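Trainee:
Numbering (the working numbering), first residue to last: 5 to 292.
1. Going by the DSSP bridge assignment, what does residue 8 pair with across the sheet?
2. Go through its chain and collect everything with a Cβ distance to residue 212's Cβ below 7 angstroms, but skip five positions before and after it.
3. Quick check on residue 204: does DSSP put it in helix, strand or coil?
4. Report the option in 78, 127, 291, 168 whose CA atom is closest to the CA atom of residue 64.
5. Compare the beta carbon distance of residue 123 and residue 51 with 9 angstroms and say whether it is the shorter of the two.
6. In three-state terms, what does DSSP make of residue 72?
7. Pick helix, strand or coil for residue 266, following the three-state DSSP scheme.
8. Let me check one thing: in DSSP terms, what residues is residue 245 bridge-paired to?
9. Excluding the 5 residues preceding and the 5 following residue 279 in the sequence, name in chain order all residues of the same chain whose CB lies nearer than 7 angstroms to its CB.
10. Roughly how many angstroms separate the alpha carbons of residue 4 and residue 239, rounded to a whole number?
11. What residues in its chain sit with their C-beta under 6 angstroms from that of residue 179, if we drop five residues either side in the sequence?
12. Measuring only the C-alpha atoms, how far is residue 33 from residue 76?
13. Count the other C-beta atoms from every protein chain shown that fall within 10 angstroms of the C-beta of residue 269, then say buried if there are 16 or more, exposed otherwise.
14. Please report how far the alpha carbon of residue 88 lies from the alpha carbon of residue 191, in whole angstroms.
15. In whole angstroms, what is the alpha-carbon distance linking residue 154 and residue 200?
16. Would you identify the three-state DSSP class for residue 105, choosing helix, strand or coil?
17. Going straight from the alpha carbon of residue 60 to that of residue 21, what length do you get?
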């Protein structure tokens, strides 16, 4: 991917599209128009933007027609590729980094819509893909309900358990096709030898945000909280990520490595992007 990628949560994206002439918004749009940066849309954006209750659909479509934009590969694909990279690293092997952002669905690991479709095409198609919309919304609802268990949540009782189960599932699936995949390493071996949770950057962000939300005794989780966290999931690989106040606060509390490239203000996006271009801040390398 030649352009630096910008990830905006749905509210920021809506603000940018509805008021493009605001000076701070114009500065962001100029960078998206001249190819300095590309705007990324994920499945979670598509679900929210294609909702019948979303009122800025026409403005967002107009914005996408006017700027460089890319698709953010589905989170399941990124998690699987991060684990594959960790397995290779733990075994002393080299592997290309995860392909996080795609020009169109020909580079996407998930094809519910038009073949070769862009993010704009996918947004148009998602209106009709009710099964895919329901799957994402069900995931968000389940995530909100399960996190309300607070201290009883598995993540709080054993912080490494969810990642260990995910890595073991990955090993089991790949060993069905290639019995020597990962050698004789267990899931714990992979995590330990690869460098701990830091070896899974996007996974770590999403899990850390969930952990901070669970720790807040007064927080009543909603599906929107979960969707915000999955949009922030891409922050390690993006040049800039704009999120809401609560998500940014949790990222800071978790001391995430990518927090210096996160903001709650659209006006700060250009300056952070400039620091990335100057080499002062560096996203995690992804394939593209």
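Glycine is no exception: its CB is placed at the ideal position from the N, C-alpha and C atoms.
All values reported here derive from a predicted model rather than from experimental measurement.
Mentor: In short, the structure shows the following:
1. If you number the chain shown from 1, residue 8 lands on position 4. Beta-bridge pairing links residue 8 to 41.
2. Numbered from its first residue, the chain shown carries residue 212 at position 208. If we look at residue 212 and ignore the five residues flanking it on each side, its Cβ neighbours are 258, 260.
3. As a position in the chain shown, residue 204 is number 200, starting the count at 1. Coil.
4. On the chain shown, residue 64 is found 60 positions in, with the first residue counted as 1. It is 127 whose Cα lies nearest to the Cα of residue 64.
5. Sequence index remark: in the chain shown, residue 123 carries index 119 (1-based). Sequence index remark: in the chain shown, residue 51 carries index 47 (1-based). Not a contact, by the Cβ cut-off of 9 angstroms.
6. The residue labelled residue 72 in the question sits at position 68 within the chain shown. Residue 72: coil per DSSP, three-state reduction.
7. Walking along the chain shown from the start, residue 266 turns up at place 262. Three-state result, residue 266: strand.
8. Counting from 1 along the chain shown, the entry for residue 245 is found at position 241. Answer is 11, 266, bridged to residue 245.
9. Locating residue 279 in the chain shown gives position 275, where the first residue counts as 1. If we look at residue 279 and ignore the five residues flanking it on each side, its Cβ neighbours are 285.
10. Examination of residue 4 is not possible in this model, given that the chain is present from 5 through 292 alone.
11. The sequence position of residue 179 within the chain shown is 175, counting from 1. Contacts found: 185.
12. Working through the chain shown from its first residue, we reach residue 33 at position 29. Working through the chain shown from its first residue, we reach residue 76 at position 72. Each residue's alpha carbon lies about 19 angstroms from the other.
13. Stepping through the chain shown from its first residue, residue 269 is reached at position 265. Flag for residue 269 reads exposed.
14. Numbered from its first residue, the chain shown carries residue 88 at position 84. Numbered from its first residue, the chain shown carries residue 191 at position 187. If you take the alpha carbons of residue 88 and residue 191, they lie about 12 angstroms apart.
15. In the chain shown, residue 154 corresponds to position 150, counting from 1. In the chain shown, residue 200 corresponds to position 196, counting from 1. Bear in mind that a pLDDT of 47 at residue 154, under 50, signals an unreliable position, so the model cannot answer this.
16. Reading the chain shown from its first residue, position 101 is the one you call residue 105. Reduced to three states, the DSSP call for residue 105 is strand.
17. As a working note, residue 60 is residue 56 in the chain shown. As a working note, residue 21 is residue 17 in the chain shown. Roughly 8 angstroms separates the two Cα atoms.
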